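Novice: Sharing a structure, written as structure tokens. Questions coming.
Number of protein chains: 2
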Amino acid sequence: MLYSELFGKTIKLDPKDEISKNAKLLIKAGFIDKLMAGSYTLLPLGLKVIKKIEEIIRSEMNKINAQEVLMPLLHPKNIWNETGRWESAKDIMYQLKKNEKEYALSFTHEEVVLDLIRKHVFSYKDFPVKIYHFSTKFRNELRVKSGILRGREFVMKDLYSAHLNEEDLEDYYWKVAKSYQKIFKELDLNSKIVEAGGGVFTDNITHEFQVLCDRGEDTIFYCDKCDFAQNKEISKIKGNDSCPKCKGLIKTSNATEVGNIFKFGASYSKKMNVSVLDKDGKKQFIHLASYGIGLTRLIGTIVETHNDEKGIVWPKNTSPFDIHLIDVPSENSKISELTYDIYNELIRNNVDVLYDDRTQIGIGEKFKDCDLIGIPVRLVISDKTDGKIEYKERNKNETILLSKDELFKKLT
Amino acid sequence: MLYSELFGKTIKLDPKDEISKNAKLLIKAGFIDKLMAGSYTLLPLGLKVIKKIEEIIRSEMNKINAQEVLMPLLHPKNIWNETGRWESAKDIMYQLKKNEKEYALSFTHEEVVLDLIRKHVFSYKDFPVKIYHFSTKFRNELRVKSGILRGREFVMKDLYSAHLNEEDLEDYYWKVAKSYQKIFKELDLNSKIVEAGGGVFTDNITHEFQVLCDRGEDTIFYCDKCDFAQNKEISKIKGNDSCPKCKGLIKTSNATEVGNIFKFGASYSKKMNVSVLDKDGKKQFIHLASYGIGLTRLIGTIVETHNDEKGIVWPKNTSPFDIHLIDVPSENSKISELTYDIYNELIRNNVDVLYDDRTQIGIGEKFKDCDLIGIPVRLVISDKTDGKIEYKERNKNETILLSKDELFKKLT
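Just so you know, the sequences run in chain order W and G. Counting from 1, position 336 in the first sequence corresponds to residue 336 in my numbering; the numbering is continuous, with no gaps. Counting from 1, position 45 in the second sequence corresponds to residue 45 in my numbering; the numbering is continuous, with no gaps.
See the structure below:
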């Protein structure tokens with residue numbers, strides 16, 4: 001893609017009214033635009049990142065035999081009344097009335113999933129059921145000062161699993177937890193599984209996936225030796241205590257939540273009367289669990305943990321492009337010609353390249369924009385490179401000169 | 001995929017409270033589920049179809065140099081006040097209030113797009129701007145008796161183009177119209193470009209893409225010789241008149257709208273003060289057009305126009321699977337073995353296959369479900385096929401027996 005044609009270029013000034021690093025960087029680099037507090041447009045660069053994250057997650061969901069669906073966002077009041085959450089979750093839920101009918105915007109989908117199951121699954125042989133979707137969530141968050149880490153509207157992947165009994169749920173629950181850890185690792189995020197409260201979802205203990213991060217909104221206690229970790233909100237221990245599990249040292253850190261998993265048992269299905277006859281002909285209420293990953297929040301977390309003083313430093317598999325190609329405006333017209341050649345040959349080789357072809361922008365500014373945007377590899381062609389191409393990785397300082405052949409050998 | 005594991009199987013009874021053919025067939029065949037009037041969940045089969053339609057549209061959008069973004073669904077009141085549509089579109093728009101702030105759910109995105117342009121585009125050289133997204137629309141439709149053809153919540157691809165002047169807009173407008181015709185043709189829909197009114201969008205004439213269809217909600221007049229066509233709502237002629245353009249005969253038909261394109265000129269950008277200095281330094285208000293295709297509505301239209309008394313007859317490129325494989329329960333265990341072999345070999349050859357592996361379902365019911373679901377090719381393996389495979393296309397009556405080699409030659 002030609003940078004001159006890209007919608008959403010870099011912005012020079014720091015955005016007013018943003019205090020979080022992720023929002024500042026993403027806005028300045030042209031990935032997102034703020035419509036209002038807690039609500040952002042994904043510009044072409046931002047959408048490319050989301051699509052890559054989505055593919056990584058979808059591939060893992062399919063591996064654990066979950067099936068993709070798409071559930072509505074506008075829900076009738078009556079379905080929320082069945083579990084009592086029309087009242088109990090009133091604060092977080094956007095509710096509205098139109099032509100004497102009342103609706104809620106989806107902040108989660110347990111009720112809709114259980115309604116689907118009671119309408120579509122009639123035999124114990126059809127359990128477990130595992131369905132997920134990528135869709136928009138709306139939550140009336142009071143504090144939205146963390147940029148894209150906490151939005152009032154955001155994209156989420158939510159998975160729901162329904163089981164005949166607790167043991168089967170327990171098995172799958174930890175299978176999903178493992179799958180989530182794989183996803184976060186692929187996204188180059190070091191996540192910890194942390195015990196936490198259930199908010200408007202459940203009174204049970206839930207598990208959050210927390211990424212250590214200075215500017216995270218949560219505080220967690222974790223053991224430096226074993227996998228013990230708790231959210232401060234529910235913890236009875238504190239920093240420097242000894243670990244209740246292994247006697248290691250408990251550390252304290254800010255962290256940002258990237259995923260959350262919940263065991264509901266049969267609580268919701270009893271309220272909604274979702275049951276099936278088991279193989280002995282006995283009525284069993286369905287055991288439900290749900291599992292969420294915030295995609296827009298992941299972009300924010302990657303940026304919070306992958307940046308330097310010059311800008312974003314994308315991991316390879318979530319970068320909007322593979323290559324940032326720059327040519328230096330010059331009187332020697334051959335340079336542009338060579339750059340266009342390289343550009344087209346990269347495209348032919350399925351290398352996704354952003355070419356900063358702007359003619360009235362100096363090399364200094366192009367380098368600055370390139371570092372701000374943060375694509376893993378920068379290629380420069382100028383008078384000084386003498387027919388060769390200068391290759392530099394975003395997270396390294398050294399540059400090397402490569403011939404065209406050497407370049408393609410390295411890249412493809 | 002094994003049919004025994006699919007979430008969303010066929011349903012025997014006709015759904016109560018649905019009068020449209022598309023909703024009846026899609027619900028019975030397991031593609032969609034109704035949450036409430038005008039709002040449906042896409043089950044795995046339905047989502048697979050939507051994804052295929054989405055890819056066909058995305059590929060065409062990229063060919064006309066449009067860039068994909070994702071804009072929010074919940075909008076602040078103030079942005080709708082800028083154009084006056086907070087009041088003028090009050091009937092169709094869902095509005096809500098939370099913590100003393102007022103919001104609207106997106107029924108369209110012109111205001112958000114113009115806001116993006118005034119914040120991100122500062123030079124005449126950066127026009128035209130062409131951005132699109134796939135996202136959810138909410139419209140308070142009073143009559144929702146047409147199944148998935150008219151929803152209160154639905155998935156839409158909307159494209160917006162912004163230009164320095166009317167001529168450039170006019171050029172691109174017809175380029176998009178051509179691109180839309182290509183899309184509908186690829187979806188095996190015979191669409192006509194029909195002059196229509198602009199509703200809450202504009203007082204100008206707009207153009208609809210209408211597919212002739214007995215159960216369509218619109219009535220159109222069209223010439224049997226030339227491309228003249230008008231929606232009854234704005235037309236001054238009637239059936240059997242002579243064509244005002246070529247004197248051909250005017251015909252009348254029910255039709256269903258699958259796309260709609262609008263020229264706004266500078267009307268909205270004047271209200272929102274979106275302008276740029278042209279190359280002579282003169283302030284120009286931006287000329288805007290928008291272009292919509294309803295994806296969920298397309299599924300409904302394809303089903304309305306592609307069915308027979310037995311069920312749906314999917315076109316190849318939007319069918320949820322390439323092949324519907326059936327084996328006949330038998331005491332000869334070799335049959336199942338052969339079927340699994342074929343099933344796995346099809347998958348290895350990237351043929352997307354739905355295998356009805358249910359053991360307690362008779363062949364009659366399997367055939368019925370197969371015809372209802374409507375995948376283009378049915379393969380049957382039974383005692384009678386004697387090691388060969390019976391091949392039948394959904395829209396033909398004849399069956400042929402093929403050896404494994406012959407089958408793979410035919411399919412891959």
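Even for Gly, the Cβ is constructed at its ideal location relative to N, Cα and C. These figures come from a predicted structure and were not determined experimentally.
(1) Count the other CB atoms, across all protein chains shown, that sit within 10 Å of the CB of W/ILE19; report buried if there are 16 or more and exposed otherwise.
(2) Going by beta carbon distance, what residues of the same chain come within less than 6 Å of G/VAL380, once the five residues before and after it are set aside?
(3) Give me the chain G residues within the contact set of W/LYS119, using Cβ-Cβ distance strictly less than 8 Å, ordered along the chain.
(4) Please report the straight-line C-alpha distance between G/ILE27 and G/THR256, rounded to a whole angstrom.
(5) Please identify, using Cβ separations under 8 Å, the residues of the segment 60–93 of chain W that lie next to chain G, in order along the chain.
(6) Using 8 Å as the threshold, is the segment 288–308 of chain W in touch with the segment 264–278 of chain W, meaning 3 or more CB pairs across them?
(7) If I measure Cβ to Cβ from G/LEU407 and keep anything under 7 Å in the same chain, skipping five residues before and after, which residues do I get?
(8) So which residues on chain G does W/LYS98 lean against when the C-beta distance must stay under 7 Å?
(9) Nearest chain G C-beta to W/VAL155 closer than 9 Å, yes or no?
(10) Could you check where the alpha helix (DSSP H) with G/LYS101 kicks off and where it finishes?
(11) Can the beta-carbon of W/VAL200 be found less than 9 Å from the beta-carbon of W/ARG85?
(12) Of the choices G/TRP314, G/GLU365, G/SER4, whose alpha-carbon is the least far from that of G/GLY46?
(13) Thinking C-alpha only, which one of W/SER191, W/ALA104, W/ASN165, W/GLY198 is nearest W/ASP227?
(14) Per DSSP, W/TYR355 forms a beta bridge with which residues?
(15) CB-CB under 6 Å to W/LYS34, same chain, minus the five flanking residues each way: which ones, in chain order?
(16) What residues in its chain sit with their C-beta under 7 Å from that of G/PHE262, if we drop five residues either side in the sequence?
(17) Assign G/ASN350 to buried or exposed, taking buried as 16 or more other Cβ atoms, counted over all protein chains shown, within 10 Å of its Cβ.
(18) Taking the straight line between their C-alpha atoms, what separation do you get for G/PHE138 and G/SER106?
(19) Would you check if the distance between the CB atom of W/ILE53 and the CB atom of W/ILE299 is smaller than 9 Å?
(20) Among the candidates W/VAL353, W/ILE335, W/ILE373, whose CA atom is the shortest distance from the CA of W/THR359?
(21) For W/ILE312, return the contacting residues in chain G, with the cut-off set at a CB-CB distance below 8 Å.
(22) For G/THR219 and G/LEU74, what's the separation of their Cα atoms in angstroms?
(23) Of the residues that make up the segment 1–27 of chain G, which ones have a beta carbon closer than 9 Å to any beta carbon in chain W?
(24) What would DSSP say about G/CYS370, mapped onto helix, strand or coil?
(25) How big is the Cα-Cα spacing for G/LYS236 and G/CYS223?
(26) How would you list, in chain order, the residues of chain G whose beta-carbon sits under 9 Å from the beta-carbon of W/SER235?
(27) Assuming W/LYS310 and W/ASP356 form a contact by the criterion Cβ under 8 Å, report the distance between their Cβ atoms to the nearest whole angstrom.
(28) Tell me, please, which residues DSSP counts as bridged to W/THR206.
(29) How should W/ARG348 be labelled, buried or exposed, when 16 other C-beta atoms within 10 angstroms of its C-beta is the threshold for buried?
(30) Rounded to whole angstroms, how far is the Cβ of W/LEU354 from the Cβ of W/MET36, which I believe are closer than 8 Å?
(31) Starting from the Cα of G/TRP174, find the closest Cα among G/ASP405, G/PHE209, G/LEU96, G/ARG150 and give me that residue.
(32) Anyone know if the C-beta pair for G/ILE148 and G/THR296 falls short of 9 Å?
(33) Could you pull out every residue in the same chain whose Cβ sits closer than 7 Å to the Cβ of W/PRO458, ignoring the five residues on either side in sequence?
(34) What does W/THR136 reach in chain G if we use C-beta pairs closer than 9 Å?
(35) In its own chain, which residues sit with a C-beta less than 7 Å from the C-beta of G/ILE117, not counting the 5 before and 5 after it?
(36) Using 10 angstroms around the beta-carbon of G/ARG152, count the other beta-carbons present and answer buried if the total reaches 16, otherwise exposed.
Specialist: Quick answer:
(1) Your numbering for residue 19 of chain W matches position 19 in the first sequence. Taking all protein chains shown into account, W/ILE19 has fewer than 16 neighbouring C-beta atoms within 10 Å of its C-beta and is therefore exposed.
(2) Counted from its first residue, the second sequence places residue 380 of chain G at position 380. Same-chain partners within the cutoff: ILE326, GLU390.
(3) Position 119 of the first sequence, counted from the start, is the residue given in the question as residue 119 of chain W. Annotation: Cβ neighbours of W/LYS119 in chain G (cutoff 8 Å, chain order): ASP33.
(4) For the purposes of this step, residue 27 of chain G is taken as residue 27 along the second sequence, with counting starting at 1. For the purposes of this step, residue 256 of chain G is taken as residue 256 along the second sequence, with counting starting at 1. For G/ILE27 and G/THR256, the distance between alpha carbons rounds to 20 Å.
(5) Cβ contacts with chain G: ASN65, GLN67, GLU68, VAL69, LEU70, MET71, PRO72, LEU73, LEU74, HIS75, PRO76, ILE79.
(6) Here the segment 288–308 of chain W lies against the segment 264–278 of chain W, with 3 or more beta-carbon pairs under 8 Å apart.
(7) On the second sequence, position 407 is the one that residue 407 of chain G refers to. Contacts found: ILE389, TYR391.
(8) Within the first sequence, residue 98 of chain W is the residue found at index 98, counting from 1. Residues of chain G whose Cβ lies closer than 7 Å to the Cβ of W/LYS98 are, in chain order, TYR94, ASN140.
(9) If you number the first sequence from 1, residue 155 of chain W lands on position 155. With its beta carbon less than 9 Å from one in chain G, W/VAL155 belongs to the interface.
(10) The sequence position of residue 101 of chain G within the second sequence is 101, counting from 1. It is not in any alpha helix (DSSP H) - G/LYS101 instead sits in the beta strand (DSSP E) that spans 101–105.
(11) Taking the first sequence and counting its residues from 1, the one referred to as residue 200 of chain W is at position 200. Taking the first sequence and counting its residues from 1, the one referred to as residue 85 of chain W is at position 85. With contacts defined as CB atoms closer than 9 Å, W/VAL200 and W/ARG85 qualify as a contacting pair.
(12) Indexing the second sequence from 1 puts residue 46 of chain G at position 46. Comparing Cα-Cα distances from G/GLY46 to each of G/TRP314, G/GLU365, G/SER4, the minimum goes to G/TRP314.
(13) Residue numbering aside, residue 227 of chain W sits at position 227 when the first sequence is read from its first letter. Here the closest residue by C-alpha is W/SER191.
(14) To locate residue 355 of chain W, count along the first sequence from 1; it is residue 355. Answer is W/LEU2, W/LEU325.
(15) Working through the first sequence from its first residue, we reach residue 34 of chain W at position 34. Excluding residues up to 5 positions away in sequence, TYR40 lie with their Cβ nearer than 6 Å to the Cβ of W/LYS34 in the same chain.
(16) Counting from 1 along the second sequence, the entry for residue 262 of chain G is found at position 262. Contacts found: GLY198, PHE201, THR202, THR206, ALA289, SER290.
(17) Counting from one through the second sequence, the residue named residue 350 of chain G turns up at place 350. Residue environment: G/ASN350 is assigned as exposed (fewer than 16 neighbouring CB atoms within 10 Å of its CB, all protein chains considered).
(18) Walking along the second sequence from the start, residue 138 of chain G turns up at place 138. Walking along the second sequence from the start, residue 106 of chain G turns up at place 106. Going from the Cα of G/PHE138 to the Cα of G/SER106 covers about 6 Å.
(19) Reading the first sequence from its first residue, position 53 is the one you call residue 53 of chain W. Reading the first sequence from its first residue, position 299 is the one you call residue 299 of chain W. Their beta carbons are under 9 Å apart, which means W/ILE53 touches W/ILE299 by this criterion.
(20) Start at 1 with the first residue of the first sequence, and residue 359 of chain W comes out as number 359. For W/THR359, the closest alpha carbon among the candidates W/VAL353, W/ILE335, W/ILE373 is that of W/ILE335.
(21) Looking up residue 312 of chain W in the first sequence gives position 312. Going along chain G, no residue has its Cβ under 8 Å from W/ILE312, so there is no contact; the nearest lies around 18 Å.
(22) Taking the second sequence and counting its residues from 1, one reaches residue 219 of chain G at position 219. Taking the second sequence and counting its residues from 1, one reaches residue 74 of chain G at position 74. Straight-line spacing of the CA atoms in G/THR219 and G/LEU74 works out to 33 Å.
(23) For chain W, the residues of the segment 1–27 of chain G that bring a beta carbon within less than 9 Å of one of its beta carbons are MET1, SER4, GLU5, LEU6, PHE7, GLY8, LYS9, ILE11, in chain order.
(24) Against the second sequence, residue 370 of chain G aligns to sequence position 370. G/CYS370: helix per DSSP, three-state reduction.
(25) As a first step, residue 236 of chain G is located in the second sequence; it is residue number 236 there, counting from the start. As a first step, residue 223 of chain G is located in the second sequence; it is residue number 223 there, counting from the start. Roughly 14 Å between the two C-alpha positions.
(26) By one-based count along the first sequence, residue 235 of chain W stands at place 235. Chain G residues near W/SER235: none, gap ~30 Å exceeds 9 Å.
(27) One-based indexing of the first sequence puts residue 310 of chain W at position 310. One-based indexing of the first sequence puts residue 356 of chain W at position 356. Contact doesn't hold; Cβ gap of about 16 Å is too wide.
(28) Position 206 of the first sequence, counted from the first residue, corresponds to residue 206 of chain W. In DSSP, W/THR206 forms a bridge with W/ALA196.
(29) Within the first sequence, residue 348 of chain W is the residue found at index 348, counting from 1. It is exposed - the Cβ of W/ARG348 has fewer than 16 other Cβ atoms within 10 Å.
(30) As a first step, residue 354 of chain W must be located in the first sequence, where it is residue number 354. As a first step, residue 36 of chain W must be located in the first sequence, where it is residue number 36. With a Cβ gap of about 29 Å, W/LEU354 and W/MET36 do not count as contacting.
(31) By one-based count along the second sequence, residue 174 of chain G stands at place 174. Ranking the options by Cα distance to G/TRP174, first place goes to G/PHE209.
(32) Position 148 of the second sequence, counted from the start, is the residue given in the question as residue 148 of chain G. Position 296 of the second sequence, counted from the start, is the residue given in the question as residue 296 of chain G. With respect to the 9 Å criterion, G/ILE148 and G/THR296 are classified as neighbours on the basis of their beta carbons.
(33) In the structure as shown, chain W starts at 1 and stops at 412, and residue 458 of chain W therefore has no counterpart that could be examined.
(34) Here the question's residue 136 of chain W lines up with position 136 in the first sequence. Per Cβ cutoff of 9 Å: PRO72, LEU73, LEU74, SER135, THR136.
(35) If you number the second sequence from 1, residue 117 of chain G lands on position 117. Listed in chain order, the non-local C-beta contacts of G/ILE117 below 7 Å within the same chain comprise VAL129, ALA162, VAL274, ILE286, local neighbours out to five positions each way being set aside.
(36) Counting from one through the second sequence, the residue named residue 152 of chain G turns up at place 152. So G/ARG152 ends up on the buried side.
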